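*Asks:* Can you keep this structure in mind? I'll have questions shortly.
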Amino acid sequence: MTIVEPHIHMYSRTTDDYTAMYRDGIRACVEPSFWLGANRRHAGTFFDYFDLILDFESMRAERYGIDHFAAVSVNPKEAEDLALASAVLDGMAPYLDHPRCVALGEIGFNRITRNEEEVFARQIEMAKARGMLTIVHTPHDTPEVSKRRGTERILAMLREQDVDPGRVVVDHNTEETMDLTRRTDVWAGMTVYPYSKLNPARVVGLLRRWGLERVLVNSSADWGVSDPCSLPKVAAFMRGEGFDAAAVETVMFRNPMAFYGQSERFKPRLDLPWIDPAQYQR
Ligand SMILES: [Zn+2]
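Per the working numbering, residue 1279 is the first one in the sequence shown, and the count goes up by one each step.
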C-alpha cells in the first residue's frame, strides 16, 4: 500500500529512517517547520532552516524513493519573541512562494499567550492572502496549559478571521479535543507516538467514534522519542481490527492526498526508486 505521511520532521531523522519508511510503503511526506530544540536568535537562522527543508531535505528524500514537501512558519514556541517573529514574517514570503512549499505551518499555541495569538493571527492572514493551506499545532497538556482550551481558542480565532475550514488541519487531537474539532469543518490531525500522544489502539478508537472523513493520521516524528513508521503500524493495526482495505487506504493515502492536493504544488511522484547508497556515496 502507498502511504503519504502528512506531518514529519525529517530534518532530524536519519537515512536509515528513510530506508525503513520506503520499505514500509511511505512514498511522500510533508515536513512542517518546527522548533529545533533551542530558540533561534536571528531571523537569518530561520531562513537558512527554511532553505534546508525546502531544498536539501527534498533532495535527500528523493534518493530514498520519497517525494518530500515542506511548510514554513514561525512555530508556536518561538512566537513568544515578538521582535524576532516579526523579522521572520517580514522576510518569509519567498519561502512561502517556493515550489516545494505546500502549506503554512505549523503555527498555533504553546502556552496560549498574547504574543502567540498575535503571531498566529498574522500568519493566518498571510496564508489567506496566498490561498495557502495551514497546519495548526494544538498545545500539549501541562499543569499550566490545557490542550482543550488551546484548541477552543484556535477554532475561535479561525472563525473570527473567516478562514475556510477545509483548508486547515488542526493537529495532535486526542479524546479530549475531537468533539471540538468535529464541530467544525477543519481537518483533524492525530499523532501517533510510541509512548506519549496516541497509540494505534487509541487512533482506531477515535476513528470508530468520529469516522474517517477529514482525518489526517501522522507520526510527527522529530528529534524526540517518535517513530517515522507509525503510519504503517497503524495500517496493520486497522486491518487486524477489521477495517477493510478501502478504509485503510482512505486514512493512509486518500485523505492526505485530498488535503494537500488542494495546493497545486502538491503533485507527489509516487514511483521514485529507492537508490542503493553504494551508487552515490563516496
Ligand atoms: Zn510537528
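For glycine and all other residues, C-beta sits at the position ideal for the given N, C-alpha and C. As the structure is a prediction and not an experimental result, all values here were calculated from the model.
1. Could you spell out the range, first to last residue, of the beta strand (DSSP E) harbouring residue 1345?
2. May I ask you to report which of helix, strand or coil DSSP gives residue 1340?
3. Quick check: the region 1359 to 1367 against the region 1330 to 1338, are at least 3 beta-carbon pairs closer than 8 Å?
4. Strictly under 7 Å for the Cβ-Cβ distance: is residue 1525 near chain C by that measure?
5. Using C-beta distances below 8 Å, list every residue in its chain close to residue 1399, excluding the 5 sequence neighbours before and after it, in chain order.
6. Indicate whether residue 1538 and residue 1380 have their beta-carbon atoms separated by less than 7 Å.
7. Would you mind stating whether residue 1283 and residue 1509 have Cβ atoms separated by less than 7 Å?
8. In angstroms, rounded to a whole number, what distance separates the CA positions of residue 1311 and residue 1326?
9. Assign residue 1553 to one of two classes, buried (16 or more other C-beta atoms within 10 Å of its C-beta) or exposed (fewer than that).
10. Under a Cβ-count criterion, where at least 16 other Cβ atoms within 10 Å of its own Cβ denotes burial, should residue 1334 be classed as buried or exposed?
11. Going by Cα to Cα distance, which pick from 1411, 1305, 1359, 1314 is closest to residue 1542?
12. How far does the alpha helix (DSSP H) with residue 1316 in it reach, from first residue to last?
13. Since residue 1488 is in the alpha helix (DSSP H), which residue starts that stretch and which ends it?
14. Is residue 1283 near ligand 1, in the sense that its beta carbon is under 6 Å from a heavy atom of that ligand?
15. Using alpha carbons as the reference points, say which of 1473, 1484, 1357, 1519 lies closest to residue 1457.
16. How far does the alpha helix (DSSP H) with residue 1402 in it reach, from first residue to last?
17. Do residue 1357 and residue 1346 have their C-beta atoms within less than 7 Å of each other?
18. Exposed or buried, which one is residue 1417 when buried takes at least 16 other CB atoms within 10 Å?
19. Please report the distance separating the alpha-carbon of residue 1534 from that of residue 1300.
20. Give the range of the alpha helix (DSSP H) segment to which residue 1371 is assigned.
21. Between the region 1521 to 1532 and the region 1313 to 1321, do at least 3 Cβ pairs fall closer than 8 Å?
*Replies:* Based on what the coordinates show:
1. Looking up residue 1345 in the sequence shown gives position 67. From DSSP, the beta strand (DSSP E) with residue 1345 extends over 1345 to 1350.
2. Within the sequence shown, numbered from 1, the residue matching residue 1340 stands at position 62. DSSP places residue 1340 in helix when its eight states are reduced to three.
3. no
4. Going by chain labels, chain C is absent from the structure shown, which holds only one protein chain.
5. Looking up residue 1399 in the sequence shown gives position 121. So the list reads 1435, 1439, once near-sequence residues are dropped.
6. Translated into the one-based positions of the sequence shown, residue 1538 becomes position 260. Translated into the one-based positions of the sequence shown, residue 1380 becomes position 102. For residue 1538 and residue 1380, yes; Cβs fall inside 7 Å.
7. Here the question's residue 1283 lines up with position 5 in the sequence shown. Here the question's residue 1509 lines up with position 231 in the sequence shown. In this structure, residue 1509 lies closer than 7 Å to residue 1283 by Cβ.
8. The residue you call residue 1311 lines up with position 33 of the sequence shown. The residue you call residue 1326 lines up with position 48 of the sequence shown. About 12 Å.
9. As a first step, residue 1553 is located in the sequence shown; it is residue number 275 there, counting from the start. Exposed, because fewer than 16 other Cβ atoms sit within 10 Å of the Cβ of residue 1553.
10. Taking the sequence shown and counting its residues from 1, one reaches residue 1334 at position 56. Result: exposed.
11. Walking along the sequence shown from the start, residue 1542 turns up at place 264. Among 1411, 1305, 1359, 1314, the Cα nearest to that of residue 1542 is on 1411.
12. Your numbering for residue 1316 matches position 38 in the sequence shown. Unbroken run through residue 1316: none, as it is neither H nor E.
13. Counting from 1 along the sequence shown, the entry for residue 1488 is found at position 210. Note, residue 1488: alpha helix (DSSP H), 1478 to 1488.
14. Indexing the sequence shown from 1 puts residue 1283 at position 5. No, ligand 1 has no heavy atom inside 6 Å of this Cβ.
15. The residue given as residue 1457 occupies position 179 in the sequence shown. Per the Cα distances, 1484.
16. Reading the sequence shown from its first residue, position 124 is the one you call residue 1402. 1392 to 1408 is the extent of the alpha helix (DSSP H) around residue 1402.
17. Indexing the sequence shown from 1 puts residue 1357 at position 79. Indexing the sequence shown from 1 puts residue 1346 at position 68. No, the Cβ-Cβ distance between residue 1357 and residue 1346 is not below 7 Å.
18. Within the sequence shown, numbered from 1, the residue matching residue 1417 stands at position 139. Answer is buried; the Cβ neighbour count reaches 16.
19. In the sequence shown, the residue the question calls residue 1534 occupies position 256. In the sequence shown, the residue the question calls residue 1300 occupies position 22. Looking at the two C-alpha atoms, the distance is approximately 17 Å.
20. In the sequence shown, the residue the question calls residue 1371 occupies position 93. Run containing residue 1371: 1371 to 1374, per the alpha helix (DSSP H) assignment.
21. no
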